[in-house]
Every structure is written in structure tokens, then in C-alpha cells.
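Number of protein chains: 4
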Amino acid sequence: MVTVKDRVRFVETDMMGVVHHANYLRWFEMGRVEYMRQAGVYLLDLMAAGIVFPITDVSCNYRASARFDDCLLIETAMAELSKVKMVFTYRVVREADGVLLATGRTQNAFTDGAGKIVRLPAEYYDRLQQMFTREEPR
Amino acid sequence: MVTVKDRVRFVETDMMGVVHHANYLRWFEMGRVEYMRQAGVYLLDLMAAGIVFPITDVSCNYRASARFDDCLLIETAMAELSKVKMVFTYRVVREADGVLLATGRTQNAFTDGAGKIVRLPAEYYDRLQQMFTREEPR
Amino acid sequence: MVTVKDRVRFVETDMMGVVHHANYLRWFEMGRVEYMRQAGVYLLDLMAAGIVFPITDVSCNYRASARFDDCLLIETAMAELSKVKMVFTYRVVREADGVLLATGRTQNAFTDGAGKIVRLPAEYYDRLQQMFTREEPR
Amino acid sequence: MVTVKDRVRFVETDMMGVVHHANYLRWFEMGRVEYMRQAGVYLLDLMAAGIVFPITDVSCNYRASARFDDCLLIETAMAELSKVKMVFTYRVVREADGVLLATGRTQNAFTDGAGKIVRLPAEYYDRLQQMFTREEPR
Numbered sequence: 000m001v002t003v004k005d006r007v008r009f010v011e012t013d014m015m016g017v018v019h020h021a022n023y024l025r026w027f028e029m030g031r032v033e034y035m036r037q038a039g040v041y042l043l044d045l046m047a048a049g050i051v052f053p054i055t056d057v058s059c060n061y062r063a064s065a066r067f068d069d070c071l072l073i074e075t076a077m078a079e080l081s082k083v084k085m086v087f088t089y090r091v092v093r094e095a096d097g098v099l100l101a102t103g104r105t106q107n108a109f110t111d112g113a114g115k116i117v118r119l120p121a122e123y124y125d126r127l128q129q130m131f132t133r134e135e136p137r
Numbered sequence: 000m001v002t003v004k005d006r007v008r009f010v011e012t013d014m015m016g017v018v019h020h021a022n023y024l025r026w027f028e029m030g031r032v033e034y035m036r037q038a039g040v041y042l043l044d045l046m047a048a049g050i051v052f053p054i055t056d057v058s059c060n061y062r063a064s065a066r067f068d069d070c071l072l073i074e075t076a077m078a079e080l081s082k083v084k085m086v087f088t089y090r091v092v093r094e095a096d097g098v099l100l101a102t103g104r105t106q107n108a109f110t111d112g113a114g115k116i117v118r119l120p121a122e123y124y125d126r127l128q129q130m131f132t133r134e135e136p137r
Numbered sequence: 000m001v002t003v004k005d006r007v008r009f010v011e012t013d014m015m016g017v018v019h020h021a022n023y024l025r026w027f028e029m030g031r032v033e034y035m036r037q038a039g040v041y042l043l044d045l046m047a048a049g050i051v052f053p054i055t056d057v058s059c060n061y062r063a064s065a066r067f068d069d070c071l072l073i074e075t076a077m078a079e080l081s082k083v084k085m086v087f088t089y090r091v092v093r094e095a096d097g098v099l100l101a102t103g104r105t106q107n108a109f110t111d112g113a114g115k116i117v118r119l120p121a122e123y124y125d126r127l128q129q130m131f132t133r134e135e136p137r
Numbered sequence: 000m001v002t003v004k005d006r007v008r009f010v011e012t013d014m015m016g017v018v019h020h021a022n023y024l025r026w027f028e029m030g031r032v033e034y035m036r037q038a039g040v041y042l043l044d045l046m047a048a049g050i051v052f053p054i055t056d057v058s059c060n061y062r063a064s065a066r067f068d069d070c071l072l073i074e075t076a077m078a079e080l081s082k083v084k085m086v087f088t089y090r091v092v093r094e095a096d097g098v099l100l101a102t103g104r105t106q107n108a109f110t111d112g113a114g115k116i117v118r119l120p121a122e123y124y125d126r127l128q129q130m131f132t133r134e135e136p137r
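Chains as they are written, first to last, in numbering that gives the first Met the number 0: chain W, 0 to 137; chain Y, 0 to 137; chain X, 0 to 137; chain L, 0 to 137.
This is the structure in C-alpha cells:
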């Protein structure tokens with residue numbers, strides 16, 4: 000599991016006085032990018048190699064509202080990995096009191112620039128696989 | 000079913016050259032607001048009455064990428080309604096060729112400003128219920 | 000002058016209960032894209048020709064707050080045009096009562112993909128120039 | 000001067016392959032909030048006291064493009080302070096090579112919830128004034 004920390008920005012709130020729900024997808028993305036970075040897989044390298052990684056599915060369950068200035072912990076774990084897709088799960092926790100605010104799940108495919116599914120080259124797949132294997136089950 | 004139309008903005012794209020996946024939640028919101036408007040339920044009235052409507056669940060399945068300047072049709076239908084929650088489903092279709100780009104589902108709860116679940120007053124519930132009843136099954 | 004209309008979305012509000020100021024830059028972009036479209040210059044064509052058009056300067060003066068569900072008129076006029084840059088000015092007006100909410104100004108440069116300034120080819124420049132010439136001074 | 004650090008997110012890029020210009024306003028806001036925090040002025044306290052702080056003017060000059068995954072330093076300094084407004088200036092610098100990417104300026108007014116200008120109470124003004132006085136001229 001990889002944890003990134005972020006503080007809620009004013010722009011992320013809405014007129015209900017809490018964080019707008021779409022921002023959680025931004026936090027999931029931050030977590031996913033950091034997970035891959037820690038595995039040694041850099042998105043810019045993938046793109047330079049002609050591989051993109053569109054999201055094919057996303058879901059989020061919201062349990063409590065994040066508020067302006069809250070410090071959040073975004074916990075990211077890999078749930079599935081193959082050469083054509085990867086699935087991550089997420090937990091967003093308020094740091095001050097440990098309250099679980101949201102859980103989520105995303106699936107990425109690997110495609111070429113034209114949207115055709117490609118198989119992730121071994122150099123990237125192996126690094127993600129090693130990271131995945133080291134994960135504690137959550 | 001209520002359809003709203005929107006054109007993809009430049010800011011909604013990302014460096015993969017397509018629309019960033021988080022924007023679909025913004026489109027779902029546009030669709031949901033318009034559905035409720037057509038039922039005669041205005042979010043500003045709800046808020047003035049002390050009722051807010053946080054999203055508790057969202058999911059989206061992405062099938063093809065929206066691109067800059069595409070005209071999109073966002074089709075919104077109600078799937079469930081009770082006095083404590085409402086569920087909508089969505090289809091995002093590219094107008095030019097009718098390709099289905101994404102489907103989604105959201106659930107809202109009705110709460111007071113402190114986040115406590117409340118029952119939607121009859122004046123709002125009845126209007127939504129009538130609109131829901133008139134819906135053709137999709 | 001080119002006018003586009005847009006309705007304020009819930010996601011565009013912040014916890015002050017009004018539209019977050021960063022959204023005006025999104026509206027300016029909508030206006031600018033539409034102005035160029037009406038001149039017969041399509042951003043996708045420019046990009047296919049290897050020309051990008053980064054913003055080099057932006058300013059906005061906010062006079063009154065846009066609120067959720069307001070219908071807005073975004074009025075865009077060209078203020079300067081050369082082969083290396085273009086300047087637009089904007090007015091954002093609330094449709095219901097004609098109140099001027101904001102004025103703004105942006106400058107774009109024309110560059111290649113590496114960020115080097117390029118001269119806009121005549122086929123695009125001439126169309127913008129004709130549109131500019133037809134403009135009434137504001 | 001107060002410096003905050005942020006890393007460019009994927010969602011902040013656009014199809015030109017660089018950060019969309021509207022995101023700099025989000026970074027300015029982060030810098031401004033942190034400056035005030037270090038002065039001991041918390042936006043949530045201001046709002047609880049019925050004071051809001053709408054942006055009345057913003058400008059940004061873009062010199063070089065931020066790219067995905069860049070670590071940025073957002074440097075915020077106060078430029079003017081009175082009981083009815085505050086002006087901040089910003090510099091956004093890429094950490095890796097010290098290149099100045101953008102400079103900006105914002106002005107906030109202090110108002111009540113209805114948009115009427117109010118004078119900032121001494122308890123907040125004095126803290127900002129002390130922080131401002133300690134600033135080195137830039």
C-alpha cells in the first residue's frame with residue numbers, strides 16, 4: 000500500500016460547504032501515479048514508449064465529507080494486474096481523526112495512442128508485479 | 000429520460016489527447032440537475048429548505064474516449080427513488096456518430112446541513128415521483 | 000463579438016456559495032474557441048499542423064459573483080492580432096438581469112510543439128484577420 | 000515570502016501536453032491560504048465570523064510550461080494590505096532547474112456574506128500586518 004498526503008484546497012469545495020465528489024478521482028489518480036512511481040514505472044516513460052493507460056472503470060463510495068483544509072491520506076493498493084489492465088483500490092482517510100471518508104476502485108487498460116489494447120512490455124509489467132507481490136493483503 | 004448537450008472544452012482534455020475521466024462526473028451532475036429541474040425540483044430551493052443531497056456512490060464505465068470539441072449528449076434517467084435517496088443512471092453519447100462513450104450511475108442521499116439523513120418533504124418527493132413514473136423503462 | 004451561453008454548474012461553486020474565480024478562465028476559453036470557430040479556424044486543425052497556442056497572459060476583474068444555475072453570456076472580442084500572437088477581451092454577463100459579472104483579457108502566442116514561437120500561416124491568419132476587421136469596436 | 004511545494008497532476012495537463020493555464024490560479028490559492036495560515040489567520044475562522052474574501056482581480060504571466068510530474072515551488076508574498084483588501088504576488092518555479100514558469104498577482108476584498116465590503120477586524124488584520132512587516136522586499 001502506498002500512502003500520499005494532500006490537503007483539501009478551497010477550490011475543491013462546493014456550495015454544500017464540503018469537497019465536491021469529483022475531486023476524489025483526482026486523489027485516486029495521485030495515489031495511482033505514486034504507486035507506479037514507487038514500482039519504478041513512470042507514466043512519462045510509458046507515454047514515450049507509445050503506451051497510454053485510459054481508465055475503463057471507476058467507482059467511489061462516499062462515507063463522510065472531506066472539508067476545506069482537512070489533511071487527507073490517500074491509501075492506494077493494487078488489486079489486480081495483468082498485461083492488459085491494472086486495478087487499484089483506494090481509501091481516503093482524514094488524518095486528524097482517522098475517519099474513513101471514501102473508498103474507491105479504478106481499472107486502467109493499456110492501449111496504444113489509437114486506443115487499441117496492447118500488452119504491457121515486460122520491463123514495466125515485471126516492476127509492477129514485484130510491487131504487487133510485496134503488498135500485504137488489505 | 001432527460002438529455003442535455005454539451006461540447007467538450009479544451010480544459011477537459013489531458014495529455015493523452017482525450018477527455019480526462021473525471022469530467023464525466025461533471026456531466027452526470029449537469030444531467031441530474033436538469034432532470035430535477037424538469038421535475039420541478041430546484042436545488043437552490045432544497046438548499047434554502049435546509050436539505051442537501053450529497054453523492055454517496057458513483058460509478059462510471061468508459062467505452063470510448065470523448066475528444067476536444069465533440070458534441071455530447073448526456074442522457075439521464077432515474078433508476079430508484081425513495082424519501083431518503085435517489086439513484087440516476089447516465090449514458091454519454093457522441094452526437095456526431097451516436098457512439099456510446101460511457102455509462103454511469105450515481106446515488107444521492109438527502110441530509111440536513113450536518114450530514115444527518117432526512118426524509119425528502121412531500122412537495123419535492125411527489126414531483127420527482129411523478130417524473131419517475133412517466134419515464135419509459137430504458 | 001461572439002457570445003456563448005453557459006449555465007453555472009454545481010461543481011463550479013465553492014464554499015462561499017458562489018462560483019470559484021478560476022472558472023472564469025474556462026469560460027474565456029469557451030468564448031475564444033467559439034470566436035475562432037466562427038472565423039473558420041479550428042484548434043484541431045492548428046494542432047494537426049503542428050501549431051499550438053499557449054496562453055502567455057491572462058487577467059480578470061471580478062465585479063459581482065456568478066451563482067449556481069445562473070445563465071451566463073460570455074462575450075468575446077478580438078483586441079489585437081498579429082502572426083505571432085492574438086489578444087482577446089471578454090465580458091461575462093448574467094443573462095437574467097444583464098449585470099456585468101467580470102471582464103477579462105487573454106493573450107495567446109503561436110508556437111510549435113517545442114514552445115518555439117512560429118508565425119501563423121496565412122490560411123489561418125487571414126480568416127482571423129477578416130473576422131477581426133468585421134468586428135464593431137466595443 | 001511563503002513557499003509551498005506541489006507536484007503537477009495528470010489531470011492538470013491538457014492536450015497540448017502541458018499544464019492547462021487555469022491551474023495556476025489554483026496554485027496561487029494554495030500559496031495564499033498557506034501565507035495566511037502562517038500569519039495565524041485561518042479562512043475557516045474568517046468564515047465563521049461572517050467574513051468572506053472574494054477575489055476581485057487576478058493576473059498571470061506565463062513564461063514557460065509546467066509539465067506532468069514537475070515539482071513546483073509556489074512562492075507567495077504580500078504586496079498590499081488594508082482593512083478592506085489584500086494583494087498577493089506569486090512566482091511559480093520548477094524545482095528541478097529553478098526556471099521561473101509564471102508570475103501572478105491577486106487582490107481579495109473582505110465582504111460579508113451578502114457581498115458588502117467590510118473592514119477586517121483587528122485580530123486578523125494585525126496578524127497579517129505583522130507577517131507583512133516581517134517580509135523581505137522581493
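C-beta atoms are modelled at their ideal positions from N, C-alpha and C, and glycine is treated no differently.
Worksheet item: List, in order along the chain, the chain W residues whose C-beta lies closer than 8 Å to that of D13 of chain X?
Response: Residue 13 of chain X sits at position 14 when you count from the first residue of the third sequence. The contacting residues are F9, V10, T12, D13 and M14.
Worksheet item: Span of the alpha helix (DSSP H) holding D44 of chain Y?
Response: Locating residue 44 of chain Y in the second sequence gives position 45, counting from the first residue. Unbroken alpha helix (DSSP H) run through D44 of chain Y: L42 to A47.
Fill in: Counterpart residues of N107 of chain Y in DSSP-defined beta bridges
Within the second sequence, numbered from 1, the residue matching residue 107 of chain Y stands at position 108. N107 of chain Y pairs with Y:I54 and Y:M85.
Worksheet item: Taking the alpha helix (DSSP H) that A121 of chain L falls in, what are its first and last residues?
Response: Within the fourth sequence, numbered from 1, the residue matching residue 121 of chain L stands at position 122. Note, A121 of chain L: alpha helix (DSSP H), A121 to R133.
Practice prompt. Going by CA-CA distance only, name the one from W:D69, W:A113, W:D56 and W:N22 that's closest to V98 of chain W.
Written response: Translated into the one-based positions of the first sequence, residue 98 of chain W becomes position 99. Closest option to V98 of chain W, Cα to Cα, is W:D69.
Discussion item. Would R62 of chain Y and A101 of chain Y qualify as a contact pair, given that the criterion is a beta-carbon distance under 8 Å?
Written reply: Mapped onto the second sequence, residue 62 of chain Y falls at position 63. Mapped onto the second sequence, residue 101 of chain Y falls at position 102. Yes, the Cβ-Cβ distance between R62 of chain Y and A101 of chain Y is below 8 Å.
Worksheet item: If you check the beta carbons only, do A78 of chain W and F67 of chain W fall under 8 Å apart?
Response: Reading the first sequence from its first residue, position 79 is the one you call residue 78 of chain W. Reading the first sequence from its first residue, position 68 is the one you call residue 67 of chain W. Against a cut-off of 8 Å, the Cβ pair of F67 of chain W and A78 of chain W comes out as no contact.
Worksheet entry | Between the CA atoms of H19 of chain X and Q129 of chain L - distance to the nearest angstrom | As a first step, residue 129 of chain L is located in the fourth sequence; it is residue number 130 there, counting from the start. As a first step, residue 19 of chain X is located in the third sequence; it is residue number 20 there, counting from the start. Approximately 29 Å, taken between the alpha carbons.
Discussion item. Going by C-alpha to C-alpha distance, which of L:R104, L:A113, L:E33 and L:M14 sits closest to K4 of chain L?
Written reply: Within the fourth sequence, the letter at position 5 stands for residue 4 of chain L. Nearest option by C-alpha distance: L:E33.
Worksheet item: Is DSSP giving E74 of chain L helix, strand or coil here?
Response: In the fourth sequence, the residue the question calls residue 74 of chain L occupies position 75. Residue state, collapsed to three classes: strand.
Discussion item. Residues in the same chain with beta-carbon distance under 7 Å from E134 of chain Y, minus the five sequence neighbours each way, listed in chain order, please.
Written reply: The residue you call residue 134 of chain Y lines up with position 135 of the second sequence. Here the set comprises M0, A76 and M77.
Practice prompt. Starting from the beta carbon of E28 of chain Y, find every residue of chain X whose beta carbon is closer than 7 Å, and list them in chain order.
Written response: Position 29 of the second sequence, counted from the first residue, corresponds to residue 28 of chain Y. Neighbours of E28 of chain Y on chain X, chain order: R8, F9 and V10.
Item to complete: Can you pull the chain L residues whose beta carbon is under 8 Å from the beta carbon of F67 of chain Y, in chain order?
Response: Indexing the second sequence from 1 puts residue 67 of chain Y at position 68. Within chain L, the residues near F67 of chain Y are M14.
Worksheet item: R126 of chain Y versus chain X: which residues are under 9 Å apart at the beta carbon?
Response: The sequence position of residue 126 of chain Y within the second sequence is 127, counting from 1. The contacting residues do not exist; R126 of chain Y stays about 17 Å from chain X at best.
Fill in: Interface residues of chain Y facing A113 of chain L [CB-CB closer than 8 Å]
Residue 113 of chain L sits at position 114 when you count from the first residue of the fourth sequence. The contacting residues do not exist; A113 of chain L stays about 15 Å from chain Y at best.
Worksheet item: Given a limit of 8 Å on CB to CB distance, which residues of the segment 25 to 54 of chain X reach chain Y?
Response: R25, E28, M29, V32, Y41, L42 and L43
Discussion item. Taking CB distances under 8 Å as the criterion, tell me whether C70 of chain X reaches chain L.
Written reply: Along the third sequence, read from residue 1 onward, the residue named residue 70 of chain X stands at position 71. Not closer than 8 Å to any Cβ of chain L, the Cβ of C70 of chain X fails to qualify, so no.
Worksheet entry | Cβ neighbour criterion (16 or more within 10 Å) applied to I73 of chain L | As a first step, residue 73 of chain L must be located in the fourth sequence, where it is residue number 74. Buried, because 16 or more other Cβ atoms sit within 10 Å of the Cβ of I73 of chain L.
Worksheet item: Among L:V92, L:T105 and L:G39, which residue has its Cα nearest to the Cα of V7 of chain L?
Response: Here the question's residue 7 of chain L lines up with position 8 in the fourth sequence. Minimum Cα distance to V7 of chain L is reached at L:V92.
Discussion item. Less than 6 Å between C-beta atoms, sequence neighbours within five positions excluded: which residues of the same chain meet that for S64 of chain Y?
Written reply: Mapped onto the second sequence, residue 64 of chain Y falls at position 65. Cβ neighbours of S64 of chain Y beyond the five flanking positions: V17.
Worksheet item: For the putative contact between S58 of chain Y and R118 of chain Y, defined by C-beta atoms under 8 Å, what is the C-beta separation to the nearest angstrom?
Response: Within the second sequence, residue 58 of chain Y is the residue found at index 59, counting from 1. Within the second sequence, residue 118 of chain Y is the residue found at index 119, counting from 1. The Cβ separation is near 26 Å, so there is no contact.
Worksheet item: Can you check whether the CB of N60 of chain L is closer than 8 Å to the CB of K84 of chain L?
Response: Numbered from its first residue, the fourth sequence carries residue 84 of chain L at position 85. Numbered from its first residue, the fourth sequence carries residue 60 of chain L at position 61. No, they are not a contact pair.
Worksheet item: When the Cα of T132 of chain L is compared with those of L:T110, L:G30, L:Y89 and L:L80, which residue comes out closest?
Response: Counting from one through the fourth sequence, the residue named residue 132 of chain L turns up at place 133. The residue with the shortest Cα to Cα distance from T132 of chain L is L:L80.
Worksheet item: Comparing the C-beta of A76 of chain W with each C-beta of chain C, is any distance below 8 Å?
Response: No chain C is present in this structure, whose protein chains are W, Y, X and L.
Worksheet item: Beta-carbon separation of G49 of chain Y and G114 of chain Y under 8 Å?
Response: Position 50 of the second sequence, counting from 1, holds the residue named residue 49 of chain Y. Position 115 of the second sequence, counting from 1, holds the residue named residue 114 of chain Y. Their beta carbons are not under 8 Å apart, which means G49 of chain Y does not touch G114 of chain Y by this criterion.
Discussion item. Please state whether the Cβ-Cβ distance between Y123 of chain W and L24 of chain W is less than 8 Å.
Written reply: The residue given as residue 123 of chain W occupies position 124 in the first sequence. The residue given as residue 24 of chain W occupies position 25 in the first sequence. No, these two residues do not count as a Cβ contact at 8 Å.
Discussion item. Let's test the definition: count the other Cβ atoms within 10 Å of the Cβ of R31 of chain L and tell me whether it reaches 16, buried, or not, exposed.
Written reply: For the purposes of this step, residue 31 of chain L is identified with residue 32 of the fourth sequence, where counting begins at 1. With 16 or more other Cβ atoms within 10 Å, it is buried.
Worksheet item: With 16 as the cutoff for other CB atoms within 10 Å, does E28 of chain Y come out buried or exposed?
Response: Numbered from its first residue, the second sequence carries residue 28 of chain Y at position 29. The residue is buried, with at least 16 neighbouring Cβ atoms inside 10 Å.
Discussion item. If the criterion is Cβ atoms closer than 8 Å, does the pair V51 of chain W and L127 of chain W meet it?
Written reply: Along the first sequence, one-based indexing puts residue 51 of chain W at 52. Along the first sequence, one-based indexing puts residue 127 of chain W at 128. It is not a contact, given that the beta carbons lie outside the stated cut-off.
Worksheet item: In angstroms, rounded to a whole number, what distance separates the CA positions of P120 of chain X and A47 of chain X?
Response: For the purposes of this step, residue 120 of chain X is identified with residue 121 of the third sequence, where counting begins at 1. For the purposes of this step, residue 47 of chain X is identified with residue 48 of the third sequence, where counting begins at 1. P120 of chain X and A47 of chain X: Cα-Cα distance of roughly 13 Å.
Discussion item. At the level of alpha carbons, what is the spacing between L139 of chain Y and T2 of chain W?
Written reply: Given that chain Y is displayed from residue 0 to residue 137, the structure contains no residue 139 of chain Y and the question cannot be resolved.
Practice prompt. Helix, strand or coil for E79 of chain X, going by three-state DSSP, please let me know.
Written response: Along the third sequence, read from residue 1 onward, the residue named residue 79 of chain X stands at position 80. E79 of chain X falls in the strand class under three-state DSSP.
Item to complete: Using only alpha-carbon positions, find the residue among L:L71, L:T55, L:M35 and L:D96 that is nearest to D125 of chain L.
Response: Translated into positions along the fourth sequence, residue 125 of chain L becomes position 126. Checking every option, the nearest Cα to that of D125 of chain L belongs to L:M35.
Worksheet item: So with Cβ pairs under 8 Å, would you call A95 of chain L a contact of chain Y?
Response: Your numbering for residue 95 of chain L matches position 96 in the fourth sequence. No, its Cβ sits nowhere closer than 8 Å to a Cβ of chain Y.
Worksheet item: Alpha carbon to alpha carbon, how far is F109 of chain Y from T55 of chain L?
Response: Numbered from its first residue, the second sequence carries residue 109 of chain Y at position 110. Numbered from its first residue, the fourth sequence carries residue 55 of chain L at position 56. Going from the Cα of F109 of chain Y to the Cα of T55 of chain L covers about 35 Å.
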